[in-house]
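Novice: In terms of UniProt numbering, the sequence shown has 151 at position 151, counting the first letter as 1, and numbering is strictly consecutive.
All C-beta atoms, glycine included, are put in the ideal place defined by N, C-alpha and C.
As the structure is a computational prediction, the values presented were derived from the model and not from experiment.
The structure under discussion is supplied below as structure tokens; questions concerning it will follow.
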Amino acid sequence: PVPGGSYGQPANPYGAPQPGPYGVGGPGGHVPPGVDPEAFSWFQSVDADHSGYITAKELKQALVNSNWSAFSDDTCLMMMNMFDKNKSGRIDLYGFSALWRFIQQWRNLFQQFDRDHSGNINCNELHQALCQMGYNLSPQFSQLLVSRYSQKGCTPGIQLDRFIQTCTLLQTMTEAFREKDTGMTGTARISYEDFLMMSVTRML
């Protein structure tokens, strides 16, 4: 579940936890095939009850932005829903490892466009990022996203968690629109109920 395809997005996504205080690495053990060793260590640290699964609450404890603030509940829940394949409300080690790679890829893109290394993506930086992903959207739309997802009381801009949420939702809605835009013209004619169905079924 990573960005890619027409209307925007490179095939290789971006990705995002910050290096820092998610945990200190768990006790040693055998890393299963296909699991990132760093993700394995973090999973052991975050899986506080040693159940072999982590919940959205435990995931939130593992992820921080560059200013050491926790990831938002909305972003954590969105990512849990993406990687919780059986809809149990939790993810296992393999799901966490995939989520870890997803976040790291997003972080790389975030750092690429955080030109002033402020830890925030401002309106101009977000617009540049969306253009590079292939989205033909106005600066006013980027401003709307920044206004919507900026942390209250802070310098205008979006942090890593909101950047992931914003771009992932944008990609999701783009995929839904593309199903209706069969001629790939950038326009589509849909009924009100179809629009609502499209929105609700694509919400993460």
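Can you confirm whether the region 92–100 touches the region 38–54 when touching is taken to mean that 3 or more C-beta pairs between the two stretches lie within less than 8 Å?
Specialist: Yes, they touch.
Novice: Quick one: is E125 buried, meaning 16 or more other Cβ sit within 10 Å of its Cβ, or exposed?
Specialist: When all chains shown are included, E125 counts as buried.
Novice: Considering only the beta carbon of each residue, do Q143 and Q151 sit closer than 8 Å?
Specialist: Not a contact, by the Cβ cut-off of 8 Å.
Novice: Alpha carbon to alpha carbon, how far is E193 from G183? Give it in angstroms, no decimals.
Specialist: C-alpha separation (whole angstroms): 21 Å.
Novice: Note down, in chain order, each residue of its chain lying with its Cβ closer than 6 Å to the Cβ of N76, except the 5 sequence neighbours on either side.
Specialist: A small correction: the amino acid at residue 76 is Cys; Asn does not occupy that position in the sequence shown. Contacts found: A56, L59, K60.
Novice: If you count every other CB in all the chains shown that lies within 10 Å of the CB of T187, and 16 or more means buried, which is it?
Specialist: T187 is exposed by the Cβ-count criterion.
Novice: From Q132 to S69, what distance separates their C-alpha atoms?
Specialist: For Q132 and S69, the distance between alpha carbons rounds to 28 Å.
Novice: Got a sec, what are the start and stop residues for the alpha helix (DSSP H) T155 sits in?
Specialist: Per DSSP, T155 belongs to no alpha helix (DSSP H) and is neither H nor E.
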